[in-house]
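Student: Chains as they are written, first to last, in the UniProt record's numbering: chain Z, 1 to 333; chain W, 1 to 333. The beta-carbon is built from N, C-alpha and C at its ideal position, and this holds for glycine as well. From a predicted model like this one, the values you see are computed outputs, not experimental measurements.
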DNA sequence: ATGAAAGCGCTAACAT
DNA sequence: ATGTTAGCGCTTTCAT
């Protein structure tokens with residue numbers, strides 16, 4: 001049997017209410033009493049039971065984090081930002097991988113709510129109506145991190161993904177390219193579908209360039225799919241001279257596949273990647289990238305969630321963080 | 001106010017005990033009753049309160065995971081293994097980053113135990129006596145994942161790190177090298193100190209090679225420190241012709257720094273790395289590595305923990321998983 | 001400043 | 001097969 005507040009109360013000759021006050025830093029305790037109680041706590045090695053506390057107070061100081069895959073470098077950085085801010089505000093995190101699976105996501109939401117989390121940070125590559133309905137029904141606040149949801153019914157933190165692509169394509173155009181390819185994520189990825197693709201088409205149009213079906217390759221963001229993408233692109237009659245890739249890992253695949261084929265980067269092919277994970281520095285030439293502040297997206301999401309949990313007013317619940325182009329060796333600058 | 005078991009009981013004209021039985025799949029319920037109760041549960045959208053359940057049953061189906069840094073590729077893979085098996089056994093995970101900080105680790109253990117986790121998976125680069133004492137005092141089982149603790153007082157899952165180095169050095173020796181360098185982690189890293197270093201020295205001795213102070217470089221496992229390590233090594237009068245690196249990320253730094261200096265790999269310099277994270281495939285030439293089954297270490301740790309939590313007998317609580325050498329482009333095979 | 005007592009929502013005997 | 005009841009270890013009024 002563990003030491004309870006009751007044991008402490010008895011040993012210290014006070015009521016459990018007083019022990020509770022001491023433990024919770026309630027000022028209405030005589031210093032002498034406080035001291036005595038603290039001594040007993042120390043001596044007995046009393047450790048408050050957070051579950052009992054949670055039941056009585058209806059607060060668990062725990063937030064749920066639903067993430068597609070923690071072993072992905074991209075999401076791991078987001079998660080780190082989330083966790084750091086959570087810790088700062090004395091929250092713990094229940095972390096679960098969804099593998100971007102629709103049903104798992106829905107199920108995890110239920111599990112988290114069942115565990116009485118005080119809030120949820122939700123990451124997904126594709127939010128459906130069903131998700132939104134579920135999330136809106138949540139008795140505790142939910143924040144989407146790096147996850148788009150057009151209707152803006154759920155608070156979220158993102159960058160302007162569309163503008164990011166447009167910046168990259170504009171850069172390519174400025175460098176005189178007319179054959180600009182796009183290596184994206186899968187069509188199931190909402191950001192790909194709703195932001196990247198439209199941004200790409202729009203900027204081509206703006207530049208007076210025609211859209212070429214062949215210049216768009218869908219990947220699963222992986223290194224291997226990047227390798228494969230380059231090989232498709234390189235085999236084209238009119239091989240593209242610039243590629244925007246929406247994941248660093250795939251970009252590494254592209255760089256290496258180009259290397260294997262003797263295609264010189266950036267002389268014969270310029271590459272701009274997205275994300276700017278540490279991976280972008282772990283390749284030669286180093287990747288020019290759109291800087292997505294992943295850690296910050298996580299951190300700001302969690303910060304926003306703390307405000308929501310605290311019922312503070314938030315001026316804007318759809319936060320757009322700034323992005324920028326970081327030019328390194330994979331482009332001619 | 002949320003729907004409680006009591007609301008369901010009233011609506012279904014049964015006692016709360018029956019509702020509890022239905023929810024928990026207790027067979028002692030008439031099918032008709034079960035059906036009725038389930039309908040009410042569905043209609044009311046009843047969701048059991050895990051906190052109340054935890055208080056009453058003294059089980060939270062939650063385990064604590066203390067990890068140095070989830071954004072490190074190495075640990076993220078371990079974490080994924082842990083989480084997958086946890087999910088398989090219906091546990092959730094409270095995940096916290098310790099930054100390998102001694103006090104934070106100790107504090108996190110307390111926090112987790114306060115939250116009444118049913119068990120803990122602990123990862124650390126350096127376990128002290130104090131850790132062991134704390135961990136032994138834990139009322140719930142603890143398993144160390146990828147974390148060495150000589151006294152074997154705490155169950156753990158690892159590979160034979162010493163033998164791994166020795167295998168690598170033996171391979172180098174077989175390839176005719178006599179100038180074999182070691183790029184390790186920091187001296188604060190227990191595996192470095194107690195396994196890697198002794199393994200390195202021992203295999204040199206075995207091979208009749210003398211130990212050269214200059215051939216050992218400590219890093220913080222990072223890419224940049226790998227770059228720096230190579231530059232130190234390359235500047236030596238007797239430049240080493242083979243390097244064993246105990247982290248993939250640092251190994252990439254080494255490969256690229258060598259490339260920048262025009263040192264040909266594997267012709268002029270052979271490199272074997274550790275870990276075998278996906279990083280090892282994201283570089284040219286691809287890294288030959290000691291395969292550390294990171295995901296499996298995590299998975300087996302969690303599996304072991306479930307047995308311990310379940311009070312099952314475990315034959316061996318210090319599990320050593322097999323490792324092997326995977327030879328790729330960074331060595332002459 | 002301190003204590004008494006009523007829950008929080010559930011599980012787990014124990015009855016029936 | 002179902003109901004009754006006593007906790008689980010706290011927080012939180014409400015008294016004093």
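1) Which residues, taken in chain order from the UniProt domain "HTH lacI-type" (3-57) of chain Z, show a beta carbon closer than 7 Å to some beta carbon of chain W?
2) Do residue 245(W) and residue 273(W) have their CB atoms nearer than 7 Å?
3) Would you list, in chain order, the members of the segment 279-296 of chain Z that have their beta-carbon closer than 7 Å to a beta-carbon of chain W?
4) Is residue 77(Z) close to chain W, meaning its C-beta is less than 7 Å from at least one C-beta of that chain?
5) Run through chain W and tell me which residues come within less than 8 Å of residue 80(Z), C-beta to C-beta.
6) Based on the DSSP secondary-structure assignment, which residues constitute the bridge partners of residue 95(W)?
7) Report the residues of the segment 255-276 of chain Z with a CB closer than 7 Å to any CB of chain W, ordered along the chain.
8) Applying a beta-carbon distance threshold of less than 7 Å, which residues of chain W neighbour residue 233(Z)?
9) Using only the alpha-carbon positions, how far apart do residue 231(Z) and residue 196(Z) sit?
10) With a threshold of 8 Å, are at least 3 pairs of Cβ atoms found where one atom belongs to the segment 170-181 of chain Z and the other to the segment 142-154 of chain Z?
11) Please compile the residues from chain W whose C-beta is within a distance smaller than 8 Å of the C-beta of residue 114(Z).
12) Quick check: the segment 264-281 of chain W against the segment 305-313 of chain W, are at least 3 beta-carbon pairs closer than 8 Å?
13) Does any residue of chain W have a CB that is nearer than 7 Å to the CB of residue 339(Z)?
14) Please report the straight-line C-alpha distance between residue 171(Z) and residue 242(Z), rounded to a whole angstrom.
15) Count the other CB atoms, across all protein chains shown, that sit within 10 Å of the CB of residue 192(W); report buried if there are 16 or more and exposed otherwise.
16) Excluding five sequence neighbours on each side, which residues of the same chain lie with their C-beta closer than 8 Å to the C-beta of residue 352(W)?
17) In this structure, does DSSP put residue 74(Z) in helix, strand or coil?
18) Just to make sure I have the definition right: I need the residues of chain Z whose C-beta is within less than 8 Å of the C-beta of residue 111(W). Which are they?
19) Label residue 236(W) either buried or exposed according to how many other C-beta atoms from any shown protein chain fall within 10 Å of its C-beta, with 16 as the threshold for buried.
20) Per DSSP, what kind of secondary structure is residue 270(W) in: helix, strand or coil?
21) How would you write the range of the alpha helix (DSSP H) that residue 254(Z) sits in, first residue to last?
22) Report the option in 256(W), 100(W), 59(W) whose CA atom is closest to the CA atom of residue 92(W).
23) Across which residues does DSSP place residue 263(W) in a beta bridge pair?
24) Is it the case that the Cβ atoms of residue 17(W) and residue 36(W) are separated by a distance below 7 Å?
25) Three-state secondary structure (DSSP) at residue 19(W)?
26) Is it the case that the Cβ atoms of residue 78(Z) and residue 297(Z) are separated by a distance below 7 Å?
27) Where do the ends of the alpha helix (DSSP H) carrying residue 230(Z) lie?
28) Taking Cβ to Cβ, would you say residue 3(W) is nearer than 7 Å to residue 44(W)?
29) At the 7 Å Cβ level, is residue 223(Z) part of the contact set with chain W, yes or no?
30) Look at the Cβ atom of residue 125(W), then the Cβ atom of residue 108(W), and state whether they are nearer than 7 Å.
31) In chain order, what residues of the same chain lie with their CB nearer than 7 Å to the CB of residue 234(Z), ignoring the 5 residues before and after it?
32) Just list the residues that DSSP pairs residue 289(W) with in beta bridges.
33) Give the DSSP-derived three-state secondary structure of residue 184(W) in the structure shown.
34) Does DSSP put residue 158(W) in a helix, a strand or coil?
35) So, is residue 32(Z) buried or exposed, given that buried needs 16 or more other C-beta atoms within 10 angstroms?
36) Using the Cβ count rule (16 or more neighbours within 10 Å means buried), how would you classify residue 343(W)?
Tutor: Inspection of the coordinates gives the following:
1) Along the UniProt domain "HTH lacI-type" (3-57) of chain Z, going in chain order, the ones with a CB nearer than 7 Å to a CB of chain W are 47, 48, 49, 50, 51, 52, 54, 55.
2) Yes.
3) Result list: 281, 282, 284.
4) yes
5) Near residue 80(Z) (Cβ distances below 8 Å), the residues of chain W are 69, 70, 71, 97.
6) 65(W)
7) Result list: 256, 259.
8) In chain order: nothing, as chain W lies at least about 19 Å away.
9) 22 Å
10) no
11) The CB of residue 114(Z) comes closer than 8 Å to the CB of 47, 48, 49, 50 in chain W, given here in chain order.
12) no
13) The requested residue 339(Z) is not part of the displayed model; chain Z covers only 1 to 333.
14) 10 Å
15) buried
16) Absent from the structure is residue 352(W), since the part of chain W shown begins at 1 and ends at 333.
17) In the three-state reduction of the DSSP assignment, residue 74(Z) falls in the helix class.
18) 92
19) exposed
20) strand
21) 248-260
22) 59(W)
23) Looking at the DSSP assignment, residue 263(W) forms no beta bridge with any residue, so it has no partner.
24) no
25) helix
26) Between residue 78(Z) and residue 297(Z), the gap from beta carbon to beta carbon is short of 7 Å.
27) 223-234
28) yes
29) yes
30) no
31) 261, 263
32) DSSP output for residue 289(W) lists 273(W), 326(W) as bridge partner(s).
33) The three-state reading of DSSP puts residue 184(W) in strand, counting E and B together.
34) Strand at residue 158(W).
35) exposed
36) Nothing can be reported for residue 343(W): it is not among the residues displayed for chain W, which extend from 1 to 333.
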